[in-house]
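Chemist: Please read through the structure below; I'll follow up with questions.
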Amino acid sequence: MYPNLLVPLLAALALALAALVLVALRQPVSRRLAFRQVARRRTEAALVIGGSMLGTAIVIGALVVGDTLNFSVRQEAYRTLGPVDERVVAPPGPTGRAVAERMAPLRDDPDTDGVLNARATQASAVSGAGDRTVAEPRVLAWQMDFDKAARFGAPGGDSGLGGPNPKPGEVVVNEPLARSLSVKAGDPVTLYLFGVPGTYRVERVVPEEGLAGVGLGGRMNRDVFLAPGTLDSAARAAGAEPRSVTFVSNRGGVESGEALTDQVTADIRQALGPLAGQTEIETPKQTVLRDAKQAGDSLGALFLMIGSFSIIAGALLLVNIFVMLGEERKSQMGMVRAVGMKRSRLVGSFTLEGATYALLSALPGVAIGVAVGWGVAVVAAQIFQGWSVGGSSIRIAFAVTPTSILNGLALGLLIAFAAILGTSVRISRFNIIAAIRDLPAMPGQGPRRRLLVVSSALAVLCAFVAVPAVARSQPDATYLMPALALAFATPALLRILPRHTVTTSVAGAVLAWTLLAPVVRPRIFDTPSMSVYVIQGALAAFSAVVLVSDNQRTLLRPVRRLLERPTEGGLAARLAVAYPLAKRFRTGATLVMYTLIVFVLVLLTEISGIIRAGVDGVVADATAGYSLRLDYNPQVAGDRLLSDLRGGPSAPEIATVTPLVNAAGRATDPGHRSSQPLDTAVVGVPDGAITGITFRERLPGLNNDAAVWQALASDPGYVVLDGFFGSTGGPAGDYYDPGDTLTLTDPRTGRSEEKVIAGVLSNGLVFYPGTGAGSTTYPVVLSEQATRELFGTQAQNASALVRTSPGTSPDALATRLQGEQLSSSLVATPIESDIHRQFDSSTAFFRLMQGFLALGLGVGIIGLGVVMVRAVRERRHTIGILRALGFRARTVQRSFLWESSFIAVEGIVLGSLLGVLTTWLMYANSAAFEGLEGGFPVEWTSICVLAAATFAASLLATIGPARRAAAIRPALAVRVTE
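Start counting the sequence shown at 1; every next residue gets the next number (the numbering used here).
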């Protein structure tokens with residue numbers, strides 16, 4: 001992922017490594033000090049390497065997830081297209097034959113590698129698999145010359161279809177159809193061609209690749225290939241005509257040929273001349289590859305956003321460790337500074353030590369990151385199956401690219417280097433005499449004049465930038481600029497107010513703004529970018545922790561009596577809170593790690609709960625009482641199918657049938673997110689037939705939902721959309737409103753009309769194609785009259801909505817209707833079951849993200865373990881004195897366990913409260929939650945399980961250091977510092 005970042009990241013990493021090598025060569029004393037510390041503290045070094053390794057693994061894992069999805073979607077180009085770059089679909093009849101003749105000269109075009117003519121029709125199939133009958137209503141029947149098909153495409157390439165033509169009475173089927181019907185070579189199969197059954201023998205089964213998986217827009221195509229003349233004969237016998245389809249292969253390979261699409265498309269239009277207005281000229285390869293990049297970038301960015309919180313935790317782990325190392329080595333650093341070592345060389349020593357940890361963690365981090373990406377791919381494959389329509393979901397195939405490995409490795413190392421360098425500079429600033437005597441640092445005299453001037457100027461600048469950013473609801477700047485203005489104003493405030501007052505006020509103000517910004521400017525989440533969520537979470541966690549850390553004594557007042565008890569337990573409790581209160585920075589850094597990760601885990605848990613709670617409301621909004629959506633072949637069904645539904649064997653179980661007019665169109669994006677035309681499924685609804693499906697937004701003057709449907713019927717200039725129209729990935733937002741316009745085009749004729757959005761549907765699921773169209777096909781709903789006027793003969797009754805009679809099972813009726821109307825290729829989709837299935841998959845996806853984020857929780861727990869290990873070593877002398885005074889080993893062990901429990905519980909509670917509160921504010925104000933009207937549930941059970949698991953893991957990480965502290969021998973600890 002992100003090939004454009006590869007060169008800058010590698011250049012930055014090369015500069016950083018060059019600087020480190022230069023320091024190591026030119027400062028031998030710094031080098032020896034750094035490497036000696038790494039070799040001496042092997043346990044601590046292993047923990048530091050483990051934390052840094054997880055940070056790198058999270059970055060690489062997120063990028064590998066993007067690679068996997070990008071590769072999986074690109075495989076669609078190989079499976080369903082192969083050498084096919086353009087597809088020309090002509091209407092049945094003389095026009096189709098004329099199109100084929102006009103396309104023939106393109107074979108000699110230097111930009112093409114071949115032109116292949118084929119005939120196709122929608123069909124259905126039945127097989128007697130074993131002792132049961134298996135039916136498949138979604139079949140594409142093809143007639144093409146296998147010899148010409150084998151030569152189609154680049155010379156020496158594999159078109160996916162070859163060998164001899166099937167003989168009369170035989171067929172060749174591809175693997176998806178063979179799996180669906182449970183047939184193999186030699187088995188009989190019954191095909192319904194133009195509604196007439198015929199029995200054929202399967203001559204062979206071919207892999208789904210290239211022409212053997214080709215279709216007319218679906219992700220999975222169940223293809224059957226007939227003997228020459230078979231389809232034409234069946235059409236003549238039925239008084240019908242198959243479609244004429246011409247495939248064009250551009251010069252080059254499966255992917256490289258896409259670069260010539262625009263030029264070849266222009267050549268096709270020129271060759272067709274006046275017939276171009278009667279045909280559909282499609283560019284499926286270009287669409288698939290564009291969707292692949294969009295899908296990979298979107299999902300990769302989502303996981304990178306989730307992983308960002310873990311990356312921040314990993315950076316904080318490094319910062320915390322080096323702050324503790326600085327505290328432990330304070331006397332040593334004071335001595336080397338006293339004998340003449342410059343501060344820059346001390347910084348170099350710490351930086352080399354930290355860089356060694358980071359470099360040692362790099363390769364294991366890469367391996368774990370790839371493994372994490374593979375695990376996500378395995379789970380995601382199951383989840384995407386739940387989102388499929390007739391098995392047409394993306395088929396996940398694990399993939400990793402060197403670009404992502406290098407990007408992740410470089411980014412992980414650069415983040416580690418930056419954290420180490422910044423911390424090294426900070427800990428190198430100390431009073432030499434105080435450091436040698438191991439005296440506590442004295443508070444400064446206030447900010448220096450230069451710092452005061454610079455910070456005040458930056459505060460004014462940020463405040464100036466914040467005003468238009470907030471007014472325009474710019475996502476990142478709305479959160480960031482006011483927070484930075486407050487932070488930069490801190491030095492000026494310290495001149496006039498006490499430090500405690502300033503810290504509490506600034507942290508409280510940043511936290512309040514972070515939580516209330518969605519209330520003041522609810523449109524800040526109307527963006528596909530994930531950065532706004534990272535900024536919001538980081539600001540909330542950091543400001544809350546600073547606020548709590550600065551007021552710990554106040555928060556502990558309710559338990560003061562417990563702490564002051566003159567018992568062994570009271571003493572252990574006092575020891576447990578004494579060090580966290582005294583070492584506020586290291587405690588705060590550990591708290592931020594816990595708070596960040598628990599915050600996001602709880603937020604994901606709450607969002608998942610909102611989705612589950614809102615499913616019944618979504619069903620009501622989406623269906624308005626309709627139980628089934630029917631999709632069928634209009635060429636075979638005609639008006640007969642509707643008559644059968646209203647008066648056939650299943651009529652008593654059907655209360656209402658509402659036919660829909662369908663056409664394929666293209667539209668501009670009313671949200672102006674893309675300049676590319678969007679593929680649309682145009683749906684025409686009969687006047688007055690649908691009035692119960694609800695809207696989340698309506699045009700001013702249309703006071704209720706029925707008024708919107710009435711306006712749609714009376715004015716052909718109106719359309720309605722759902723909230724996902726033109727979605728580019730990421731959370732849904734409010735990108736367009738009633739009154740906005742879009743241009744709707746018939747791709748066959750090129751005729752366009754500007755339409756006004758009359759309403760935005762609460763849920764438009766019933767209008768999405770139910771036969772496995774591409775995932776980037778969005779419904780546009782018009783009146784039936786407006787649809788026929790714009791799209792002419794292309795607009796046909798190809799779907800319907802059905803209300804079932806009371807007591808009828810929609811799932812059972814769907815199965816029965818598909819059997820009764822198999823000749824019409826009818827696909828019946830139970831709407832409620834479909835919604836529940838998709839919601840279950842969404843919930844599973846949130847669990848997948850929680851599992852990915854659990855790596856970050858591991859970083860926090862490792863961080864706590866490192867802090868406790870270092871605390872044992874740092875307090876070795878103190879523990880020896882306490883033991884010499886009569887403190888029992890059990891008391892020491894208990895104090896360490898309670899100390900880690902205090903930090904863990906505080907982080908868990910803080911993260912949980914922020915997670916619930918933030919989700920509630922988003923639910924109340926963000927457009928992403930519109931239509932989910934099941935209320936705001938607090939997922940107590942899930943949150944308690946999460947808290948208990950986190951707390952238990954934290955205790956496990958502390959048991960080892962606590963036992964080591966309890967095992968310290970008093971005489972040895974008092975006399976020896978190491």
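Cβ coordinates follow ideal geometry from the N, Cα and C atoms, glycine included.
In the DSSP assignment, find the beta strand (DSSP E) that holds Asp-840 and state where it starts and stops.
Modeler: Run containing Asp-840: none in the beta strand (DSSP E); it sits in the alpha helix (DSSP H), 831-874.
Chemist: When DSSP builds the beta bridges, which residues end up paired with Ala-57?
Modeler: DSSP output for Ala-57 lists no bridge partner at all.
Chemist: With DSSP as the reference, label Glu-899 as helix, strand or coil.
Modeler: Helix at Glu-899.
Chemist: Check whether the segment 71-78 and the segment 308-328 are in contact - that is, three or more C-beta pairs closer than 8 Å.
Modeler: These segments do not touch.
Chemist: Per DSSP, which residues does Gly-684 bridge with? Please list them.
Modeler: The partner list for Gly-684 (beta bridge, DSSP) reads Val-661, Leu-782.
Chemist: For Ser-244 versus Leu-211, is the C-beta distance shorter than 8 Å?
Modeler: No, the Cβ-Cβ distance between Ser-244 and Leu-211 is not below 8 Å.
Chemist: Pick from Asp-291, Leu-317, Leu-702: whose alpha carbon is nearest that of Met-868?
Modeler: Nearest C-alpha to Met-868: Leu-317.
Chemist: Any contact between the segment 883-898 and the segment 617-634? By contact I mean 3 or more CB pairs, one from each, below 8 Å.
Modeler: As far as the Cβ criterion goes, the segment 883-898 does not touch the segment 617-634, which means the pair count is below three.
Chemist: Measuring alpha carbon to alpha carbon, tell me which of Gln-893, Thr-680, Asp-476 ends up nearest Ser-727.
Modeler: Among Gln-893, Thr-680, Asp-476, the Cα nearest to that of Ser-727 belongs to Thr-680.
Chemist: Can you name the start and end residues of the beta strand (DSSP E) that Ala-135 belongs to?
Modeler: That run of the beta strand (DSSP E) goes 132-143.
Chemist: Under three-state DSSP, which class holds Asp-715?
Modeler: Reduced to three states, the DSSP call for Asp-715 is coil.
Chemist: Within a Cβ cutoff of 6 Å, which residues of the same chain sit near Thr-950, ignoring the five residues on either side of it in sequence?
Modeler: Ile-908.
Chemist: Less than 6 Å between C-beta atoms, sequence neighbours within five positions excluded: which residues of the same chain meet that for Arg-107?
Modeler: Cβ neighbours of Arg-107 beyond the five flanking positions: Val-115.
Chemist: Out of Pro-92, Gly-860, Val-598, which one is the CA nearest neighbour of Gln-850?
Modeler: The shortest Cα separation from Gln-850 among Pro-92, Gly-860, Val-598 belongs to Val-598.
Chemist: Tell me, to the nearest whole angstrom, how far the beta carbon of Ala-120 is from that of Leu-140; I am working on the premise that it is less than 8 Å.
Modeler: So it is a contact: roughly 6 Å between Cβ atoms.
Chemist: Out of Leu-855, Ile-281, Leu-822, point me to the one whose CA is closest to Gly-96's CA.
Modeler: When only C-alpha atoms are compared, the closest one is Ile-281.
Chemist: Rounded to a whole number of angstroms, what is the C-alpha to C-alpha distance between Gly-614 and Glu-933?
Modeler: Near 5 Å, if we compare the C-alpha coordinates of Glu-933 and Gly-614.
Chemist: According to DSSP, which residues form a beta bridge with Thr-199?
Modeler: According to DSSP, which records beta bridges pairwise, Thr-199 is partnered with Thr-190.
Chemist: Taking Ile-968 as part of the alpha helix (DSSP H), name the residues at either end of that continuous run.
Modeler: Counting along the chain, Ile-968 falls outside any alpha helix (DSSP H), and DSSP gives it neither H nor E.
Chemist: Express the C-alpha separation of Ala-948 and Gln-893 in angstroms, rounding to a whole number.
Modeler: Going from the Cα of Gln-893 to the Cα of Ala-948 covers about 21 Å.
Chemist: Helix, strand or coil: how does DSSP classify Phe-152 here?
Modeler: Correct three-state label for Phe-152: coil.
Chemist: Under the three-state reduction of DSSP, which class applies to Lys-285: helix, strand or coil?
Modeler: Lys-285 falls in the helix class under three-state DSSP.
Chemist: Assign Asn-250 to buried or exposed, taking buried as 16 or more other Cβ atoms, counted over all protein chains shown, within 10 Å of its Cβ.
Modeler: Per the 10 Å Cβ criterion, buried.
Chemist: Leu-539 and Thr-514 - do their beta-carbons sit closer together than 8 Å?
Modeler: For Thr-514 and Leu-539, yes; Cβs fall inside 8 Å.
Chemist: Have a look at Arg-179 and Glu-754 and give me their C-alpha separation to the nearest angstrom.
Modeler: Going from the Cα of Arg-179 to the Cα of Glu-754 covers about 45 Å.
Chemist: Sorted by chain position, which residues of the same chain lie with C-beta nearer than 6 Å to Ala-962's C-beta, five sequence neighbours on each side aside?
Modeler: These residues qualify, in order along the chain: Gln-893, Phe-896, Leu-897.
Chemist: Helix, strand or coil for Gln-122 per DSSP?
Modeler: In this structure, Gln-122 counts as strand in the three-state DSSP scheme.
Chemist: Of the choices Glu-175, Pro-94, Thr-230, whose alpha-carbon is the least far from that of Tyr-200?
Modeler: Out of Glu-175, Pro-94, Thr-230, Thr-230 has the C-alpha closest to the C-alpha of Tyr-200.
Chemist: Any chance the segment 147-165 sits against the segment 834-854, with 3 or more Cβ pairs inside 8 Å?
Modeler: At 8 Å Cβ cutoff, the stretches do not touch.
Chemist: According to the neighbour-count rule (16 or more other Cβ atoms, all chains shown, within 10 Å of its Cβ), is Ala-871 buried or exposed?
Modeler: The residue is buried, with at least 16 neighbouring Cβ atoms inside 10 Å.
Chemist: Classify Cys-944 as buried or exposed, calling it buried when 16 or more other Cβ atoms lie within 10 Å of its own Cβ.
Modeler: Counting Cβ neighbours within 10 Å, Cys-944 comes out exposed, since fewer than 16 surround it.
Chemist: Give the DSSP-derived three-state secondary structure of Gly-569 in the structure shown.
Modeler: If DSSP states are grouped into helix, strand and coil, Gly-569 belongs with the helices.
Chemist: Fully enclosed by the segment 287-345, which beta strand (DSSP E) runs are 3 residues long or longer?
Modeler: Whole beta strand (DSSP E) segments, 3+ residues: zero.
Chemist: Between Glu-939 and Thr-605, is the Cβ-Cβ spacing less than 8 Å?
Modeler: In this structure, Thr-605 lies closer than 8 Å to Glu-939 by Cβ.
Chemist: Three-state secondary structure (DSSP) at Gly-726?
Modeler: Correct three-state label for Gly-726: coil.
Chemist: Is the segment 369-376 close to the segment 393-402, with three or more CB pairs under 8 Å?
Modeler: Because the criterion of three Cβ pairs below 8 Å is met, the segment 369-376 and the segment 393-402 touch.
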